[in-house]
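Peer 1: Chains as they are written, first to last, in this note's numbering: chain A, -3 to 245; chain B, 30 to 333. Glycine is no exception: its CB is placed at the ideal position from the N, C-alpha and C atoms.
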Amino acid sequence: MTSLEPVIKTEKLTKRFGDFIATNEITFEVYKGEIFGFLGANGAGKTTAMRMLCGLSRPTSGKATVAGFDVYRQTEQIKRHIGYMSQKFSLYEDLTVLENIRFFGGIYGLNNQQLRVKSDGLIERLGLQSEAKKLVGDLPLGWKQKLAFSVSILHEPDIVFLDEPTGGVDPVTRRQFWAMIYEAASRGITLFVTTHYMDEAEYCHRISIMVDGRIEALGTPAGLKTKLKEPSMDGVFYQLARGAKRGDS
Amino acid sequence: MVTLSKITKTYSKGTVTAVTDVSFSVKAGELFGLIGPDGAGKSSIFRILTTLLLPDSGKATVAGHDVITGYRQIRSQVGYMPGRFSLYPDLTVEENIQFFATVFNSSITENYHLIEDIYVQLEPFKKRRAGKLSGGMKQKLALCCALIHKPTVLFLNEPTTGVDPVSRKEFWEMLRRLKTQGITVLVSTPYMDEAALCDRIALIQHGNLLAIDSPDGIVNAYPGTLYAVKADDMPRVMQVLAAHEPRFTSYIFGEYIHVDTYNGNTPDLPGELKDLLTKSGFNDIEVKPITPTIEDCFIKMLTT
């Protein structure tokens, strides 16, 4: 499963917007095949940090590499080696299942031959044969999310960023989704996940909790519970995030 | 205060059924939760009750008025916070509240007591345009605007979706305080852990009601005993347990795996689980009976 080969490496990574320090000197590593939970209250700076790691936002100071590429100079290479999926934006509702797979596969740099093989394989694995030509907008949410995740790793990226991938999904489908996450990790893909479900924090190998732009805690779920003397991840999160000064909520 | 009787709603010329024969009622002063995943029919029910959507069939009333013939009276008496941010982004915080108060022939001062403890948190930003607020502040402003005319019934459609656990808790504390002011609150949420904070809840999936009761009532109605299982190497425990379905069902739940007998065909489930895990070579085996959560009850209803 996880090895100690870092896929993400940051050192004092910082982003300022004027006087406001959105992300304040965060330093951490994420390893190959690891499921890394990136938690924090709304407004803690998670989105800004993720945007820098995806090569979408230039840091103010500090260092970071993603899949071995520098977040200042090699943003295009980063984009080619990562996948991204969020609850808010994942697939085009007015394209069919097949069209979405081809579209995103193309964006991620697959050629026609690869696209044909990959899209057939994916549709079969998800059991979507009879839905392949249906509009994505007509699929139930659970299916959309599973499809969106599969599409985000179609080009076999080193790392995939999942931004609240399971929001609003029913509890049974939510667990099926996590089975897919485990499966991807076992193939060596690194998963960088944000979630507001604290039971899902338990499914991560390690988690970090951001408060007011800083990483306040980082470790395994069991390690953090022991360290903060809390019986549950819920307790760990409250203890750390309750003290947040700024915020969005 | 709110009644629904055999409400059905379909879309796309009857090909898509959003709500099927749903009946329930909400008492005055109750904090009532409609709990279910996206696509379960929660928004359709809210839109019917707020007179924004006509049902195909069935009857519904809000504050004693029929949703079809009495829509004018209903609109002046209810507060509605839609799932999507729907205030005026170009107006300031203060102007938005002022606007909604005026629409209902009221004023901010008249019902200030209702919004006071929420508004004090917004006050430092009262000159800021609503579109420039953070997510949590927008949510608080929307709640103020839905309350400013002193509604008898307040409808909140997924007010906490995408909100972190600490802020969600704060929001629910605000709702409990509103309840003490005598306002009936109907709230929907996809987060099962919030169900426990309601007086009564309805669990809904695919347009059908699965259960209506108090949170305790739902939990007490869970058939049989649920067990929590833990050992070293949890991913492999999952696999071993899954290989033994359908003798029992198992699913991951935080740091434990929850296991339940399937159709009662395992008279000594804890004994059998300990045996199985020992034989499979696990260490630190823990098997204990637990009180189900609302999420466990929901899973049970979805899978049986």
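(1) Please list, in chain order, all residues of the same chain as B/N125 whose beta carbon is under 7 Å from its beta carbon, the five residues on each side excluded.
(2) Identify the contact partners of B/Q268 in chain A, using a Cβ-Cβ distance below 7 Å as the criterion.
(3) If distances are taken between C-alpha atoms only, which option among B/T39, B/T37, B/L60 and B/K317 comes closest to B/T213?
(4) Is the CB of A/R171 under 7 Å away from at least one CB in chain B?
(5) Kindly indicate if chain A contains any beta-carbon less than 7 Å away from that of B/E284.
(6) Within 10 angstroms of its Cβ, does A/A197 collect 16 or more other Cβ (buried), or is it exposed?
(7) Restricting to runs no shorter than 4 residues, where is the alpha helix (DSSP H) found entirely within the region 270 to 325 of chain B?
(8) On the criterion of 16 or more Cβ atoms from any shown chain inside 10 Å, does B/K42 qualify as buried, or is it exposed?
(9) Identify every residue that forms a DSSP beta bridge with A/D27.
(10) Verify the CB distance criterion: does B/R331 have a CB-CB separation below 7 Å to chain A?
(11) Return the chain-ordered list of same chain residues with a C-beta closer than 7 Å to the C-beta of B/R104, the five sequence neighbours on each side being excluded.
(12) Going straight from the alpha carbon of B/V258 to that of B/E301, what length do you get?
(13) Please classify A/R121 as buried or exposed, where buried requires at least 16 neighbouring CB atoms within 10 angstroms.
(14) Which residues in chain E have a C-beta closer than 9 Å to the C-beta of A/W174? List them in chain order.
(15) Would DSSP call A/S245 helix, strand or coil?
(16) Can you give me, in chain order, the residues of the region 189 to 204 of chain A that have a beta carbon less than 9 Å from any beta carbon in chain B?
(17) Counting Cβ pairs closer than 8 Å, one from the region 181 to 199 of chain A and one from the region 141 to 158 of chain A, do we hit at least three?
(18) Just verifying my parser: in three-state terms, what is the DSSP assignment at B/V149?
(19) Please classify A/Q125 as buried or exposed, where buried requires at least 16 other C-beta atoms within 10 Å of its C-beta.
(20) Could you tell me which uninterrupted beta strand (DSSP E) segments, each at least 3 residues in length, are contained entirely in the region 129 to 185 of chain A, listed from first to last along the chain?
(21) A/A237 versus chain B: which residues are under 8 Å apart at the beta carbon?
(22) Can you pull out the residues from the region 66 to 92 of chain A whose beta carbon lies closer than 9 Å to at least one beta carbon of chain B?
(23) Contact defined as beta carbons within less than 8 Å: I believe B/T37 pairs with B/V48. What is the distance between those atoms, to the nearest angstrom?
(24) Do A/A213 and the ligand SAH come close, with the Cβ less than 6 Å from some heavy atom?
(25) Are the Cβ atoms of B/E230 and B/G62 separated by less than 7 Å?
(26) Roughly how far, in whole angstroms, is the beta-carbon of A/C50 from the beta-carbon of A/I78, given that I think they are within contact range, below 8 Å?
(27) At a CB-CB cut-off below 9 Å, which residues of chain B make contact with A/L27?
(28) If we cut at 7 Å on Cβ distances, does B/P244 have a partner in chain A?
(29) Of the residues that make up the region 212 to 235 of chain B, which ones have a beta carbon closer than 7 Å to any beta carbon in chain A?
(30) Using a C-beta to C-beta distance shorter than 8 Å, which residues of chain B count as neighbours of A/D230?
(31) Pull up the distance between the alpha-carbon of B/T98 and that of B/T46, whole angstroms please.
(32) Kindly say whether A/D166, judged by its beta-carbon, lies nearer than 7 Å to any beta-carbon of chain B.
(33) Output needed for A/D154: all residues of its chain with C-beta closer than 6 Å, excluding positions within five of it in sequence on either side, in chain order.
(34) Can you check which of these residues, A/C200, A/K225 and A/A240, is closest to A/R210 by C-alpha distance?
(35) For the beta strand (DSSP E) containing B/E202, list its first residue and its last residue.
(36) Taking Cβ-Cβ distances shorter than 8 Å, what residues in chain B pair up with A/L137?
Peer 2: So, to answer that:
(1) L116, Y117, A159, L170 and C174
(2) By Cβ distance, chain A contributes nothing, its closest Cβ being about 10 Å from B/Q268, past 7 Å.
(3) B/L60
(4) yes
(5) yes
(6) buried
(7) 298 to 308
(8) By the Cβ-count criterion, B/K42 is exposed, with fewer than 16 other Cβ atoms from all chains shown falling within 10 Å of its own Cβ.
(9) Looking at the sequence provided, one finds Tyr at residue 27 of chain A rather than Asp. Paired residues: A/P2.
(10) A small correction: the amino acid at residue 331 of chain B is Leu; Arg does not occupy that position in the sequence shown. Chain A contact via Cβ: present.
(11) T80
(12) 12 Å
(13) exposed
(14) No chain E is present in this structure, whose protein chains are A and B.
(15) For A/S245, the predicted model reports a pLDDT of 41, less than 50, meaning its position is unreliable; a value from the coordinates is still stated below. Three-state DSSP puts A/S245 in coil, outside helix and strand.
(16) H192, Y193, M194, D195, E196, A197, E198 and Y199
(17) yes
(18) helix
(19) Flag for A/Q125 reads exposed.
(20) 155 to 159
(21) D193, P194 and V195
(22) Q83 and K84
(23) Going by Cβ atoms, the distance from B/T37 to B/V48 rounds to 6 Å, so yes, they are a contact pair.
(24) Among the components modelled here there is no ligand, and therefore nothing to report on the ligand SAH.
(25) The sequence given here places Ile at residue 230 of chain B; Glu does not occur at that position. Cβ atoms of B/I230 and B/G62: closer than 7 Å.
(26) 6 Å
(27) The amino acid occupying residue 27 of chain A in the given sequence is Tyr; Leu does not appear at that position. Correct list: empty, because the minimum Cβ distance to chain B is about 17 Å.
(28) no
(29) Of all residues in the region 212 to 235 of chain B, P219, M221 and Q234 have a Cβ within less than 7 Å of some Cβ in chain A.
(30) P194
(31) Here the alpha carbon of B/T98 sits roughly 24 Å from the alpha carbon of B/T46.
(32) yes
(33) V3, A63 and H77
(34) A/A240
(35) No beta strand (DSSP E) contains B/E202, which is instead part of the alpha helix (DSSP H) from P194 to T209.
(36) Neighbours of A/L137 on chain B, chain order: P66, D67 and G68.
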